[in-house]
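Top to bottom, those sequences are chains S and A.
The opening residue of the first sequence carries number 431 in this note's numbering; numbering runs sequentially from there.
The opening residue of the second sequence carries number 7 in this note's numbering; numbering runs sequentially from there.
Backbone N, C-alpha and C fix where the C-beta goes; we use that ideal spot for every residue, glycine too.
Keep in mind that this is a model prediction, so the values were computed, not measured.
Remarks on the structure that follows.
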Amino acid sequence: MDHDRLMKDLREICRAPEPERKEIFFQGLAERGVTSGRPTSISHGEFILRQFLYIGKWVWLSSAVLLLFITWICYGNNGNYPFALTPLLAAGILVETERSFRWKMAELEYTARFSLRSVMLARMFLVGAVETAGLLVVIWAVQPRFSYSFGRVFLYMMVPYLSASLFGSVYERKHRTDNGWGSIVICLLSSAFFAAAPYCMSSLYEEQFAVVWLAVFVLLIISLGSSVRRWFLEMEEPAWSL
Amino acid sequence: MNLEEQYDRIYKYLYFRIHDRHTAEDLTQETFLRFLGSRTYRDENRQMQYLYTIARNLCSQYYRDKTIEYRFDETLDITLSEDFEQSVVERISLMNALQELSQEEREMLFLRYVNDVPIPVMSRLYHISRFAVYRKLKKILKKVMSEMEKEGDHGS
Chain S
431 MDHDRLMKDL
441 REICRAPEPE
451 RKEIFFQGLA
461 ERGVTSGRPT
471 SISHGEFILR
481 QFLYIGKWVW
491 LSSAVLLLFI
501 TWICYGNNGN
511 YPFALTPLLA
521 AGILVETERS
531 FRWKMAELEY
541 TARFSLRSVM
551 LARMFLVGAV
561 ETAGLLVVIW
571 AVQPRFSYSF
581 GRVFLYMMVP
591 YLSASLFGSV
601 YERKHRTDNG
611 WGSIVICLLS
621 SAFFAAAPYC
631 MSSLYEEQFA
641 VVWLAVFVLL
651 IISLGSSVRR
661 WFLEMEEPAW
671 SL
Chain A
7 MNLEEQYDRI
17 YKYLYFRIHD
27 RHTAEDLTQE
37 TFLRFLGSRT
47 YRDENRQMQY
57 LYTIARNLCS
67 QYYRDKTIEY
77 RFDETLDITL
87 SEDFEQSVVE
97 RISLMNALQE
107 LSQEEREMLF
117 LRYVNDVPIP
127 VMSRLYHISR
137 FAVYRKLKKI
147 LKKVMSEMEK
157 EGDHGS
């Protein structure tokens with residue numbers, strides 16, 4: 431049997447009786463003023479804001495608690511230790527992202543309207559933006575407690591946070607079904623590393639190394655962007671079940 | 007997107023899944039009411055995908071509520087009587103071949119070749135790449151052909 435014949439037979443087999451109430455239905459819609467058939471569109475900003483509701487409350491709560499804890503530690507004159515706490519902030523975004531992948535089915539209808547990539551990117555952007563904004567407020571509030579400039583405090587806070595985000599995102603990309611524990615461990619290890627680093631290299635926070643911190647910061651931003659891009663390109667992979 | 011044209015296609019899809027004219031039409035109307043009632047919508051290129059997703063979810067809900075199982079062969083007698091000419095044997099063998107497919111495979115075949123759903127829409131509907139949709143369809147057609155040939159061999 432050739433292809434065209436097969437398709438013809440398939441259409442015949444799957445033929446359905448004519449719908450009976452179509453005209454009445456569309457008349458009813460017209461009477462109610464629903465005739466355009468074009469649901470209201472929303473802006474990108476509104477779309478991103480709507481994602482607030484879908485992000486776990488514990489993410490916002492844990493981030494807020496951690497930011498307050500960092501502020502409190504900074505006010506306690508604890509040297510450079512507060513900088514080592516920022517990687518823990520990244521755990522929220524990583525575990526939330528992992529959770530969304532794990533429960534992809536629950537979001538079926540929502541993602542059908544916006545595509546999974548848009549939803550995931552919006553959530554990553556939201557959590558990342560709110561956490562970064564929170565960190566900036568903390569940096570602004572605690573900077574006078576340090577002998578460093580605002581820029582340096584910013585770098586010392588952001589580099590550990592971005593490094594945990596980068597390594598966590600690489601890990602999550604490769605292991606998507608471990609309930610997020612891998613990311614938490616990565617954040618803890620990253621935190622431990624930055625807490626121990628000054629003991630191995632006492633000049634780490636000296637002014638001469640500020641350029642190195644800046645270079646690492648830029649490198650981390652580029653790497654994180656590249657990692658997220660690869661993540662999104664590979665997003666269809668788990669469904670590849672031929 | 008022409009809503010009236012889509013109404014026919016969604017109805018056809020639901021009839022294919024449910025095999026009951028009235029229920030299929032009820033669910034078609036419910037699909038459109040939900041679709042039109044949705045006040046938040048961003049990407050207009052995805053309207054068709056959204057329609058099929060709602061229809062598919064309603065269909066799953068219908069089967070869940072009724073606690074009955076999907077049976078493809080319920081349609082066979084009805085459709086057979088429509089055109090009883092020379093290709094009856096081939097159609098019977100095609101229907102038997104379709105019964106050998108999984109529900110998802112039958113659905114993919116229906117969406118692509120009966121309802122003419124574009125590949126990009128199917129790709130988003132099944133959360134797989136376009137290339138994967140092509141390969142799956144090719145594999146399903148090959149399976150159907152081979153089942154039909156097997157049937158033909160047995161018949162002769």
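- Task: Step through the CB atoms of chain A and report whether any lies within less than 7 Å of the CB of R659(S).
- Result: no
- Anything in chain S within Cβ reach of M101(A), meaning under 8 Å, just list it in chain order. I443
- Query: Comparing the C-beta of Y140(A) with each C-beta of chain S, is any distance below 7 Å?
  - Reply: no
- Task: Since I believe V568(S) is in contact with T501(S) (beta carbons under 8 Å), could you give me their beta-carbon distance rounded to a whole number of angstroms?
- Result: 5 Å
- Query: alpha helix (DSSP H) containing I616(S): first to last residue?
  - Reply: 611-630
- Report yes or no: is there a C-beta of chain S within less than 7 Å of the C-beta of Y69(A)? no
- Item | Reduced DSSP category for N102(A) - H, G, I as helix; E, B as strand; rest coil | helix
- Any chain A beta carbon closer than 7 Å to D434(S): no
- Message: Any beta carbon from chain A within less than 7 Å of M550(S)'s own beta carbon?
- Response: no
- Query: Taking the Cβ atom as the reference point for each residue, do L515(S) and S613(S) lie within a distance shorter than 7 Å?
  - Reply: no
- Does the beta-carbon distance from L519(S) to L496(S) come in below 7 Å? yes
- Item | Below-7 Å beta-carbon distance, K18(A) vs any chain B residue | This model lacks chain B altogether; the protein chains it does include are S and A.
- Query: V123(A): buried (16+ other C-beta within 10 angstroms of its C-beta) or exposed?
  - Reply: buried
- Message: Residues of chain S with CB closer than 7 Å to the CB of R27(A), please, in chain order.
- Response: P447
- Query: In chain S, which residues lie with their C-beta within 8 Å of the C-beta of L115(A)?
  - Reply: L440
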